[in-house]
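Asker:
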Amino acid sequence: MAEYNYDVLVIGAGPGGYVAAIRAAQLGMKVACAEGRATLGGTCLNVGCIPSKALLHGSELFEEAKHGTLAKFGVKTGPVELDLDVLQGEKASAVKELTGGIEYLFKKNKVDWKKGYAKFKDAHTVEVAGETVTAKHIVIATGSSVTPLPTVPVDNDAGIVIDSTGALALNRVPEHLVVIGGGVIGLEMGSVWGRLGAKVTVVEFLDQLLPGMDGEVRKEAAKIFKKQGFELKLSTKVTGATVEGKTVKLSVEPAAGGETQIIEASHVLVAIGRRPNVDGLGLENIGLSPNARGQIETDHDFRTAVDGVWAIGDVIPGPMLAHKAEDEGIAVAENIAGLTGIVNHDIIPGVVYTTPEFAGVGLTEEAAKERGPIKVGKFPMLANSRAKTNREPDGFVKIIADAETDRVLGVWAIATVAGTMIAQAAQAMEFGAKSEDIAYTCHAHPTHSEAIKEAAMAVRGKAIHI
Ligand code: FAD
Ligand code: NAI
7 MAEYNYDVLV
17 IGAGPGGYVA
27 AIRAAQLGMK
37 VACAEGRATL
47 GGTCLNVGCI
57 PSKALLHGSE
67 LFEEAKHGTL
77 AKFGVKTGPV
87 ELDLDVLQGE
97 KASAVKELTG
107 GIEYLFKKNK
117 VDWKKGYAKF
127 KDAHTVEVAG
137 ETVTAKHIVI
147 ATGSSVTPLP
157 TVPVDNDAGI
167 VIDSTGALAL
177 NRVPEHLVVI
187 GGGVIGLEMG
197 SVWGRLGAKV
207 TVVEFLDQLL
217 PGMDGEVRKE
227 AAKIFKKQGF
237 ELKLSTKVTG
247 ATVEGKTVKL
257 SVEPAAGGET
267 QIIEASHVLV
277 AIGRRPNVDG
287 LGLENIGLSP
297 NARGQIETDH
307 DFRTAVDGVW
317 AIGDVIPGPM
327 LAHKAEDEGI
337 AVAENIAGLT
347 GIVNHDIIPG
357 VVYTTPEFAG
367 VGLTEEAAKE
377 RGPIKVGKFP
387 MLANSRAKTN
397 REPDGFVKII
407 ADAETDRVLG
417 VWAIATVAGT
427 MIAQAAQAME
437 FGAKSEDIAY
447 TCHAHPTHSE
457 AIKEAAMAVR
467 GKAIHI
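According to the working numbering, the residues represented by the sequence shown are 7 to 472, in order.
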């Protein structure tokens, strides 16, 4: 009889865990994956990337029809109305299809789904829904949950003070949505409900939106969202909230201290970040302690401090992004199989899927300057023929290169399709490109991506169309 039930047990079936499980099975290992949620796919497929993009897409179509973008191009419509139930139904279908797709892939690859929340008994044994399961290798891929703000308790069932999960499920358009946190969720969900008719106010503790992004991109983001009608309260902290009937009274004051102001809202979205899921895992039973930020530390190969226990995705340090988790899922399975699984954490693109999109990969200009002398090339979308023709003037591409070697250190883009454009930048950087390599690569015309080529030309002072 085999020593263990499985070669690999993965805890959590989000983008990190389900990918690790499938890759491990593809590599010939006997695999199980424990997941307590009713459907596979984790945060991303159930209450994250996928449903938010469905609502972003639907709300964008609504806005195009309602506010004249279609009419501008000669597409006449009758009175435009929103059927929120249909939009929510379309979102639910996408989630169902995608989560069902993972279930199909599990069956196809013979990954056993252990339905329940797993708890460690020892480093090779967990208990899931009363069943004891043993494995030679256990991968922790338990993801993350919303960080609570103690002064503003969330109640998604009541649907007034909500988190991202509540914001994806609203059955009426808020009159006034106040978003606490000017990060990715705040701006994406603010855009959804703003396009559908809500007044949106963003309360952000820091002096700019989108922490972690390039400084110039952050400044431009503030300008763009203000132009779109968002009210921005930067350098502002929330001190409390009281719900009175269908109204929330939010008290805010300057981050540095000062006079309290009351903002009245129909809905408040708390979006101040996410924290790793480690509670209830029984880490104490295997002698593993999370770090001060609640994350599980690993080495470069995703090994934890405990032999046979590995960790990936949102539960470990690094950006909390689905593609980062997926790549780590592949790498950890390959490392367990004795191959060489690597993730280059210096080149993880990040995208905010608003209109326009904000995307970046590599170093910000500020971080690059600290590293040494740099050259910067910028090209405005206003001068890009496709963006101009489509009447999408906002944004720019910026390329940061090492002044001496010309190697590309960072690329930032604000453009309607910046999320798609950034892939070529990531690939170029992965291949160690110089800005000259990008400048001399033939780009199809007319495409938004030509702005990347022109920004690369601008690094050497040679853009054509500006
Ligand atoms: P998760 O997806 O969180 O999955 C972990 C799973 O583990 C969960 O299903 C959980 O139920 C399960 N679990 C936890 N504990 C246990 C246990 N003890 N036993 C069994 N199962 C357990 N990222 C992007 O890259 N692009 C986006 O557009 C994007 N949009 C987002 C929008 C929103 C609203 C949110 C909230 C997040 C978004 N993200 C996006 C982030 C993305 O969802 C996460 O980075 C990603 O899901 C992390 O994957 P993961 O596998 O590490 O964890
Ligand atoms: P975030 O970290 O992006 O933004 C949180 C914001 O809240 C920050 O700007 C922070 O300064 C601010 N903040 C913190 N405490 C505050 C307070 N008390 N008052 C006011 N502001 C405060 O976190 P967010 O938006 O909650 O998203 C969580 C994670 O989910 C992100 O890390 C992101 O990686 C992931 N995500 C990714 C998406 C994408 O890739 N498109 C979409 C949505 C989420």
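Glycine is no exception: its CB is placed at the ideal position from the N, C-alpha and C atoms.
1) So, is Cys50 buried or exposed, given that buried needs 16 or more other C-beta atoms within 10 angstroms?
2) DSSP has Lys205 in a bridge; who is on the other side?
3) Less than 6 Å separating the Cβ of Glu41 from some heavy atom of ligand 1?
4) With C-beta atoms as the reference, is Pro362 less than 7 Å away from Ala421?
5) Measuring CB to CB, does Val198 end up less than 7 Å from Thr242?
6) Thinking C-beta only, is Ala124 closer than 7 Å to Ala40?
7) Ligand 1 and Leu327: does the residue's C-beta get closer than 6 Å to at least one heavy atom of that ligand?
8) The beta strand (DSSP E) with Leu238 in it runs from where to where?
9) For ligand 1, any of its heavy atoms closer than 6 Å to the Cβ of Gly54?
10) For Arg280, which beta-bridge partners are listed by DSSP?
11) Just tell me which of Met35, Ile302, Arg309 has its CA closest to the CA of Asp320.
12) Closer than 6 Å: is that where the CB of Arg280 sits relative to any heavy atom of ligand 2?
13) From Glu69 to Ala77, what distance separates their C-alpha atoms?
14) Taking Cβ to Cβ, would you say Ala71 is nearer than 7 Å to Val315?
15) Which residue from Asp400, Arg392, Lys375, Gly378 puts its Cα closest to that of Phe364?
16) Among residues of its own chain, excluding the 5 on either side of Val101, which ones have a beta-carbon nearer than 7 Å to its beta-carbon?
17) Tell me the DSSP secondary structure of Ala317 in three-state form.
18) Let me know if Tyr110 comes out buried or exposed under the rule of 16 or more other beta-carbons within 10 Å of its beta-carbon.
19) Using only the heavy atoms of ligand 2, determine whether one of them is closer than 6 Å to the beta carbon of Glu210.
20) Short of 7 Å in beta carbon distance, which residues of its chain neighbour Leu104, apart from the five on each side in sequence? Order them along the chain.
21) Ligand 2 heavy atoms versus the CB of Val190: any closer than 6 Å?
22) Cα separation between Lys384 and Val403?
23) Between which two residues does the alpha helix (DSSP H) carrying Ala434 extend?
24) From the DSSP output, which residues share a beta bridge with Ser257?
25) Are Val190 and Trp418 close, meaning C-beta to C-beta below 7 Å?
26) Would you call the segment 251 to 260 and the segment 270 to 281 touching, i.e. three or more CB-CB distances under 8 Å?
Answerer: From the atom records:
1) With 16 or more other Cβ atoms within 10 Å, it is buried.
2) His182
3) yes
4) yes
5) no
6) yes
7) yes
8) 237 to 239
9) yes
10) Val152
11) Ile302
12) yes
13) 11 Å
14) no
15) Asp400
16) Leu51, Asn52, Ile56, Pro57
17) Under the three-state reduction of DSSP output, Ala317 falls in the strand class.
18) exposed
19) yes
20) Gly47, Leu51, Ile56
21) Distance from the C-beta of Val190 to the nearest heavy atom of ligand 2 is below 6 Å.
22) 6 Å
23) Ala434: member of the alpha helix (DSSP H) spanning 424 to 436, first to last residue.
24) Gly246, Ile268
25) no
26) Taking 8 Å as the limit for Cβ pairs, the verdict is that the segment 270 to 281 does touch the segment 251 to 260.
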